[in-house]
Amino acid sequence: MNHGQQSGEAKHEDDAALTEFLASLMDYTPTIPDDLVEHYLAKSGFQCPDVRLIRLVAVATQKFVADVASDALQHCKARPAPVVKDKKQQKEKRLILTMEDLSKALREYGVNVKHPEYFADSPSTGMDPATREE
Amino acid sequence: MNGERAQEDPAASSSGCSESYEFSHAAAKAAVAQVCESVGYEHFKDPALESLAGFALQYILQLGKTAISFANLTGRSQCNVFDIILALEDLTGNDDGDGGVVSSESCSLGRSVKLKGIIDFVNSSEEIPFSQPLPRFPVAISKKKMMMIPSFVEIGETPPGNHIPLWLPAFPDPHTYKETPMWIERASDPRGDKIEQARQRRKAERALLSLQRKLVCKISSGTRVWGDMDGVKEDEGELLRSVSPSISGEKVESLNRDGLSVVEAFAPAMEAARDGFCSEVDTEWKKKKKPDALSKLRTEKKFLGEPLDLSLKMKGEDRPLSFVRDEDRDDKRRRAEFILRQCMENPVDLNQL
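Residue numbers (the UniProt record's numbering), protein chains in the order written: chain W, 1 to 134; chain F, 1 to 353.
Here it is, written out as C-alpha cells:
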C-alpha cells in the first residue's frame, strides 16, 4: 500500500511537472516553425488542435538535429588540422558541415548515409564488403 | 556568420513533384541550418544540409506516425502528450537497456529519459526563432482550377435528400446545367406607344383632309359632294368600333371607294370620346377636328392650312390641366354631336363625283 501511495504521489508530481513543462513550452519558440511541423504531422496522420504538442514535437526534432550536428562538429574538430604553408597566415579551421562528418555522426543513430566510393579510387572497390574488410 | 549556405531556390532544390513539397523542404532546410549554426557550424555543404533536413523531416513523420498508432491502440483518434512521449521512447529506445520495451510508466516524466533530455534542452539552450516569417501552411492555390467547392454547411444550403451528408461539397446551381426559355423583355413605353398611335392617326387624318380638300374644290364648282348617308350607315357601325391607326388607314381607303362621309371622318373621334381612351392626344385631336369640321360647314376653303399647324402643336405637347380638359371634352363632344346631326339632316350625294 505504501509503495502504491508513493507511486501515486510520484505520479502526481510527474503530472504537475509535465503540465509545468508544457506551459513553459509556450514561452519557448522552437527554431522549426509550428506551421511546418503541423504540416508534416498532418501528413503522417497526427491530428491535434493543441499547440503545445506541436511545440513538443518541434522541440524534440530540434534536439535531435542539434545532437546530430554537435556530433558531426566533434568529428570535424577531431580531424587533424591542415598543414600550414604560410607562417604569417595561420588558417583557422573552417567548420564546414560535410557529408563525411554527417555520415559518421548518423551512424550512431543507426542511419547509414555512407557515400559510395568512386570506382577507380581503390582496387577493392565494388567487391564484396565482407572480403573488403579483411 | 552566414557561410556557404545552399541556395534555397525551390525550383533548383529537390526533385519534388508538388509545389508544396519544395516550399516546405526549403523552409525545413533553413530551419535546420539555423540549428546547426547555433551548435557552432559556420559553413555548410549543400548535400550535407539537404540530407540533414531530410532526416529532420523523417523524424517528424516517424514521430507523428508512432504517436497516432499509440493513440489508435487505446481507441482514440486524437493524440495527447503521453502518446508523444511514448513515441519518443519508441523511436530512440530506452537507455535502461530494456531493448525497446515500452512500459506504462515510461510515459511519465520520472521514467522517460527522452523527455527529461528534452526538458533539459529547453532549459539550457538558447531560444532561436525561425528567421523568416512563414506564411500559412499549406498555401492554398488561388488558381481557378484548384478552387475548393464549399460544402453544404459552408453555403448554408440543405442538401436535396436526407441521404446526402452536410459536409460534402455542394451541388452546382441549377442555372449552370438547366436551360429555361428566356422571356425577352421588351421595354413597354405606354407614352411612346400613344404618341405613335396619335401620329398615325394624324397621318390618316391628313390624307382624309387632303381628300376633302379636293372634294371641296369640286363642291365650290357647285355640286354636292357629301356621300350617301344611307349607303354608308351600315359600314359606320363596324367602323365606329375600331379605333386603331391601321384601320383608320383602311377607312381612308374605304372612303375613297364608297365616298366621303362626315360620320366616318368623325368616327374615330366619337369612339375615343365614348371610351375615354386617350386623354391628351384625343383632346388635342378633337381640338384639331373641331375647327376643321366647323370650317367645313362655314367656309370650304378655311381648313387648308390647318393640319400643319396642328401637327406642330402636337409636337409641342401642351398638357392642359385636367379639369379644363374635362370641360373641353364635354364641350367638344356636344359640338361634334351637333355637327353630326346637321350632316345627317343634309344627305350628301357622293355619286356625283
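Beta carbons: idealized from backbone N, C-alpha and C, even for Gly. Please read these numbers as outputs of a predicted model, since none were measured by experiment.
Buried/exposed call for residue i, threshold 16 Cβ in 10 Å
i: F/Q212; result: buried
i: F/I60; result: buried
i: W/L18; result: buried
i: F/E157; result: exposed
i: W/A120; result: exposed
i: residue 406 of chain F; result: Residue 406 of chain F lies beyond the range of chain F shown here (1 to 353); nothing can be said about it.
i: W/K63; result: buried
i: F/Q34; result: buried
i: F/H25; result: buried
i: W/T98; result: buried
i: W/P30; result: buried
Residue i: contacting residues in chain F (beta-carbon distance under 7 Å)
i: W/G45; result: G64, K65 and I68
i: W/R94; result: E42 and H43
C-beta neighbour in chain F for residue i, strict 8 Å
i: W/V111; result: yes
i: W/A66; result: yes
i: W/F21; result: yes
i: W/H39; result: yes
i: W/S24; result: yes
Contacts of residue i in chain W (Cβ-Cβ under 8 Å)
i: F/A27; result: P33 and L36
i: F/G117; result: K63
Contact list for residue i against chain F, beta-carbon separation under 8 Å
i: W/Y28; result: V122 and E127
i: W/V51; result: Near W/V51 there are no residues of chain F at all, since even the closest Cβ is about 12 Å away, more than 8 Å.
Residue i: CB within 7 Å of a non-hydrogen atom of the ligand MN
i: F/S210; result: For the structure depicted, the ligand MN is absent and the ligand set is empty, with no information on it obtainable.
Under 7 Å from the C-beta of residue i: neighbouring residues of chain W
i: F/F152; result: The contacting residues do not exist; F/F152 stays about 23 Å from chain W at best.
i: F/V35; result: T31, Q62, V65, A66 and A69
Cutoff 8 Å: residue i Cβ touching any chain W Cβ
i: F/G100; result: Note on F/G100: pLDDT 49, under 50, position unreliable in the model; no value is reported.
i: F/V81; result: yes
i: F/Y59; result: yes
i: F/L73; result: no
i: F/V113; result: no
i: F/L86; result: no
i: F/F55; result: yes
i: F/N94; result: Low local confidence applies: a pLDDT of 49 at F/N94 is under 50, so the model's placement there is unreliable, with the coordinate-based value given in what follows. Closer than 8 Å: no.
i: F/A48; result: yes
i: F/L52; result: yes
i: F/F130; result: yes
i: F/A170; result: no
i: F/A31; result: yes
7 Å CB neighbourhood of residue i in its chain, flanking five on each side removed
i: F/L91; result: Q62, L63 and T66
i: W/R107; result: none
i: W/P116; result: none
Neighbouring residues, chain F, relative to residue i (Cβ below 9 Å)
i: W/A78; result: Correct list: empty, because the minimum Cβ distance to chain F is about 14 Å.
Cut-off 6 Å between Cβ atoms - residues of its own chain near residue i, not counting five sequence neighbours on either side
i: W/K104; result: H75
i: W/D34; result: I54
i: F/F152; result: P159, L166 and A170
Contacts around residue i, its chain only, beta-carbon distance under 8 Å, and the 5 residues preceding and following it disregarded
i: F/A30; result: E8, F130, S131 and Q132
i: residue 425 of chain F; result: Any answer about residue 425 of chain F is impossible in this case: the structure gives chain F only from 1 up to 353.
Quick check: the stretch 64 to 81 of chain F against the stretch 45 to 54 of chain F, are there 3 or more CB pairs under 8 Å? In short, these stretches do not touch, since the Cβ pair count stays below three.
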